[in-house]
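Positions 37 to 247 (the working numbering) are the ones given, in order, by the sequence shown.
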Amino acid sequence: MSLVVPEAHQQFQHILRLLNTNVDGKRKIMYALTEIKGVGRRYSNIVCKKADVDLNKRAGELNSDELERIVTIMQNPTQFKIPTWFLSRQKDIVDGKDYQILSNNVDSKLRDDLERLKKIRAHRGLRHYWGLRVRGQHTKTTGMFLNHIAFQIRSTFSRSSWKDCWCVEEAWLNVYITMYSSPMTTSFYGMVMLCSWMNPTSDATTFKMTT
37 MSLVVPEAHQ QFQHILRLLN TNVDGKRKIM YALTEIKGVG RRYSNIVCKK ADVDLNKRAG
97 ELNSDELERI VTIMQNPTQF KIPTWFLSRQ KDIVDGKDYQ ILSNNVDSKL RDDLERLKKI
157 RAHRGLRHYW GLRVRGQHTK TTGMFLNHIA FQIRSTFSRS SWKDCWCVEE AWLNVYITMY
217 SSPMTTSFYG MVMLCSWMNP TSDATTFKMT T
């Protein structure tokens, strides 16, 4: 179905820039806003209704005032009586307020949460850090690629060498590996595997992995 722009809307914008995101102006405003990270269909629906914007309008037909109202409501939802249970981040651990995380803040908040969980040594944080399943999934028969790498790495070390601080030398890799952490930090399989592609004729290389 083609889009016909009447003469009254000659200022039609095919690409809009909202919250550091390119929004397709040919889509209806409710669905066009979902291109912004952190905005779903339900949230864009209630934002358009609070801003008194016709849901049948295309995004490129909106004027600057309507776009400004939409952005203001998305960034300050509680000031426009949007329920707190509608928001993506409720009772933030830093200030206890309710927010709707949008655009680039989605990745930064996720990174901060994972760093906090890892810092307090929470189980979820450690599982994320080790690259393992977090939500209670079975791991015996799934994730075979990682299990295969883990088996290759661990089979090169004897069980007696698994200590809090150990040093192993493999002649074929010509590598010294020094670890100052628990044995589970061997989730850095990639760094150990990288040793095999280094110059084998050079002196032994020492890797210090700390947490």
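Think of the CB as a built atom: it goes at the ideal place given N, C-alpha and C, for glycine as much as any other residue. These numbers come from a predicted model, not from an experiment.
Excluding residues up to 5 positions away in sequence, I129, G161 lie with their Cβ nearer than 8 Å to the Cβ of R152 in the same chain.
Rounded to the nearest whole angstrom, the CA to CA distance from Q111 to L138 is 8 Å. Here the segment 48 to 62 makes no contact with the segment 78 to 92; the two share fewer than three CB pairs at distances below 8 Å. For I82, the uninterrupted alpha helix (DSSP H) run begins and ends at 77 to 86, by DSSP. At the C-beta level, G96 and K133 stay beyond 9 Å of one another.
Taking each of V89, K154, R147, T177 in turn and checking the Cα distance to M66, the smallest one comes out for V89.
For the pair S124 and Y135, the CB atoms are nearer than the 9 Å cut-off.
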